[in-house]
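One structure below.
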Amino acid sequence: MKKINYIYSAICMLLLSIGCSDDVVDLSYADADNLPAPANVSATLNVSQDNSGTVSITPSGENASEFEINYGDGTEETVTLTTGQSTEHIYTEGNYDIQVMASGIGNQKTTAIIPLMLSFRAPENIEITAEVDGSNPFQINVSATADYAASFQVYFGDGDNEAPTALALEGMVSHEYPMVGDYTVRVVALSGGTQTSEETKEVKVSKPTNLPIDFEIFDTTVITDFDGGELTVTDNPDVSDGNGSSKVGQMVKKAGQTWGGSLITLSAPIDFSEKKVIKMKVWSPRVGANVLFKVENLTESSINYEQEVATTTANAWEEIAFDYSGINDTNEYQKIILIFDNGTMGDGSSDFTFYVDDIKQATSISSDPEVFPMDFELPFNLSSFDGGEIKVIANPETTGNSSANVIELVKGAGAVWAGSKITVDTPYEMATSTTVTAKIWSPRAGLNLLMKFEDATPWPNTVATADAIATTTTGNAWEEITFSFAGIDTAIDYHNLVLIMDNGTAGDGSANYTVYLDDFSIASFLDSEPAETLSSFDGGEISIISNPQTTGNSSSNVVKLVKGAGAVWAGSKITYDTPYPVKNGDQITMKVWSPRAGLVLLMKFEDATPWPNNKETGEAIATTSSANEWEELTFTLSGVDPTVSYTNIVLIMDNGTQGDGTDNYTLYIDDINNAN
């Protein structure tokens with residue numbers, strides 16, 4: 018909005034500066050039809066509490082340059098204001114609709130009606146609504162009603178000398194608390210008189226702390242520092258391909274004891290029955306810093322297990338893994354202890370400042386993973402029925418969820434029960450009563466998502482749990498939803514997780530019926546992220562889907578590449594944490610299913626440096642020789658610099674020709690391998 022006001026002011030100054038000139042300025046390029054109309058038009062009402070009936074009106078709105086105020090009391094008088102200006106008007110007791118008409122730079126107009134209820138009587142019957150936000154457990158949203166109230170003031174109860182937050186009639190204000198706890202929200206109801214009324218409401222802010230830990234929304238009260246260690250949550254100092262998180266943990270080792278560190282107390286014990294590897298992203302100022310990761314019983318410190326790993330990278334994010342295969346998993350471990358350079362005294366300097374993120378369990382330590390062959394197989398299979406569609410894609414919205422890849426769920430024009438399945442080889446671990454949480458990004462609040470578990474028996478003899486339904490509370494943002502199951506027959510092997518969006522309503526395949534899912538809490542699904550990260554540029558599109566053509570390639574999952582209407586060089590990337598082991602003359606093979614013979618596919622390798630300073634190999638070209646069937650293509654590499662860490666495979670279809678997103682520019686790839 019500041020930018021728009023600046024542009025408006027600049028135009029006004031320009032017109033003033035040329036007002037006495039004979040020159041004609043052509044502003045025809047400023048197409049009013051393409052300028053945004055004012056939005057979120059409102060006004061703040063300030064009622065004098067002196068029985069005078071004086072009300073101050075301050076209008077606001079996005080993309081607005083001026084406002085026309087109609088006082089709504091039958092007078093013909095109106096006033097025109099610019100952003101930041103206010104007007105005063107005297108009312109008698111009564112109810113009024115104040116009209117605020119906002120005008121944009123291109124003279125587009127948006128009108129809002131602001132209710133005013135003016136009484137000189139003290140407000141009565143105050144009712145406060147204070148609810149925890151669905152996407153942030155530390156945020157509450159407050160609204161209030163009261164008889165004879167003209168406006169409200171809200172005190173959130175988490176600071177000394179707290180200034181009140183103005184709350185309009187029928188309005189809502191939000192507040193984010195710094196930590197968990199019990200807080201008292203106080204709402205003061207104002208009328209036009211000297212008397213006020215107030216009420217309070219108790220709110221509880223809580224968030225369980227369990228693995229995985231990503232520090233995006235984190236309860237810092239679970240941290241205990243000891244002997245010179247200090248762990249805080251801070252902004253990521255190095256947002257990069259290695260770690261795109263907004264928030265991370267900062268570990269500083271000060272002068273205290275040589276074992277100075279920090280402790281995180283979890284909400285529940287860690288389950289080590291299957292996943293006996295701990296992985297954590299670390300940013301270290303130097304190579305060779307030792308990271309001690311220790312787990313401990315909640316009450317008995319002698320019950321513990323620890324492992325130590327040295328960093329291999331300086332001034333960059335890396336993922337390190339701790340092998341816990343020797344742990345006694347019959348014990349309970351509910352504390353995490355982190356110590357850097359155990360045995361060495363810290364000094365609090367940058368040399369003893371580290372960052373940590375994404376602490377999670379895994380099934381394999383794989384500290385030096387095999388990059389080739391890449392077969393894109395996931396620890397589960399994806400399938401759909403009766404109009405549903407499911408696939409793994411690059412996360413389109415990392416605010417609120419820093420995962421690289423998520424599941425896209427679409428309900429198309431089919432049956433009203435159209436949905437999808439996530440199938441695992443090892444049955445889901447179920448108890449008689451099971452609660453499943455998941456992160457969801459929905460295009461709208463009120464979307465119902467049905468979840469149930471089924472065995473592997475084909476329909477109609479399938480055995481299933483009862484349906485559990487969760488409803489989204491927000492739109493266009495990540496939130497966590499919960500599914501509650503009771504009365505589950507644990508003797509059944511449940512291999513399928515079934516998802517149906519808005520069961521009973523036909524979808525249309527549009528954005529309104531497209532959601533993204535991530536971080537299911539149910540066992541057997543936690544490590545759903547593939548080793549590769551997928552991304553696209555300038556009109557390309559890439560995703561992992563169920564293999565649509567198993568003749569000639571029996572893989573369950575493949576990569577789908579689409580070239581849309583963008584740049585002629587539109588393409589996609591496959592990024593790996595470990596550099597690809599390539600050299601000059603290497604021949605990279607790949608299975609390809611193409612809609613036509615003669616399609617030219619370009620491959621090159623790039624490092625992680627952003628364009629235009631990135632380093633890359635020469636471009637290798639291969640051309641399809643058949644259509645609508647799998648074939649193997651070979652790419653011969655050139656221009657490989659052995660000192661460069663190539664972490665990206667770049668793929669461009671028909672470079673130099675614009676795609677259109679149709680089947681003609683859609684192909685599938687699988688089994689990338691280095692033949693050398």
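Numbering (my numbering), first residue to last: 18 to 693.
Heads up, the beta-carbon is just placed ideally off N, CA and C, and yes, glycines get one too.
Given the structure is predicted, the values throughout are model-derived calculations rather than measurements.
- Only exposed fits Glu414, as fewer than 16 other CB atoms lie within 10 angstroms of its CB.
- Taken atom to atom, the span from the alpha-carbon of Thr75 to that of Pro55 is near 16 Å.
- Distance check between Pro254 and each of Phe84, Lys408, Tyr372 places Tyr372 closest, using alpha-carbon atoms only.
- Distance from the CA of Gln66 to the CA of Thr201, rounded to the nearest whole angstrom, comes to 25 Å.
- Looking at the DSSP output, Asn520 bridges to nothing.
- For Asp525, no beta strand (DSSP E) encloses it, and the DSSP letter there is neither H nor E.
- Counting only the Cα atoms, Thr641 lies some 32 Å from Gly429.
- Taking Ala508 as reference, the option from Glu446, Gln156, Pro460, Asp368 with the minimal CA-CA separation is Glu446.
- Here Ile107 is actually not in contact with Ile131; their C-beta atoms are around 17 Å apart, not less than 8 Å.
- By the CB criterion at 9 Å, Trp586 and Asp624 fall outside the cutoff.
- The three-state reading of DSSP puts Asn422 in strand, counting E and B together.
- For Pro596, no beta strand (DSSP E) segment is defined, and its DSSP state is neither H nor E.
- Taking a C-beta distance under 9 Å as the contact criterion, Asn693 and Lys600 qualify as a contact pair.
- Residue pairing for Glu219: DSSP places it in a beta bridge opposite Thr201.
- Inside the region 87-171, DSSP marks no whole alpha helix (DSSP H) run of 4 or more residues.
- Where Lys577 is concerned, the enclosing beta strand (DSSP E) starts and stops at 574-580.
- At the C-beta level, Ile591 and Thr550 come within 9 Å of one another.
- In the DSSP assignment, His512 forms no beta bridge with any residue.
- Just so you know, the alpha carbons of Asp603 and Asn672 end up roughly 22 Å apart.
- Taking 8 Å as the upper bound for CB-CB distance, Ala161 and Glu141 are not in contact here, some 13 Å apart.
- Counting of Cβ neighbours within 10 angstroms places Glu313 among the buried residues, the total reaching 16 or more.
- Ranked by Cα distance from Ala272, the options Asp364, Lys264, Thr109 are led by Asp364.
- Taken through DSSP and simplified to helix, strand or coil, Tyr341 comes out as coil.
- The DSSP-derived three-state label of Asp680 is helix.
- Rounded to the nearest angstrom, the gap between the Cα atoms of Thr347 and Ser319 is 15 Å.
- When the beta-carbon positions are compared, Ser279 and Phe243 come within less than 9 Å of each other.
- DSSP places Ser367 in the helix class (H, G or I) of the three-state scheme.
- Between Val250 and Ile157, the gap from beta carbon to beta carbon reaches 9 Å or more.
- For Pro76, the beta-bridge partners assigned by DSSP are Ala60.
- Pairing Thr361 with Met268, the inter-Cα distance amounts to about 15 Å.
- Taking Ile353 as reference, the option from Ala582, Ile287, Ala333 with the minimal CA-CA separation is Ile287.
- Non-local beta-carbon contacts of Leu616 in its own chain, meaning distances under 6 Å to residues more than five positions away in sequence, involve Thr641 in chain order.
- Going by DSSP, Gly210 is part of no beta strand (DSSP E) at all; its letter is neither H nor E.
- In this structure, the beta-carbon distance from Gly259 to Glu335 falls below 9 Å.
- With 16 or more other Cβ atoms inside 10 Å of its own Cβ, Asp236 counts as buried.
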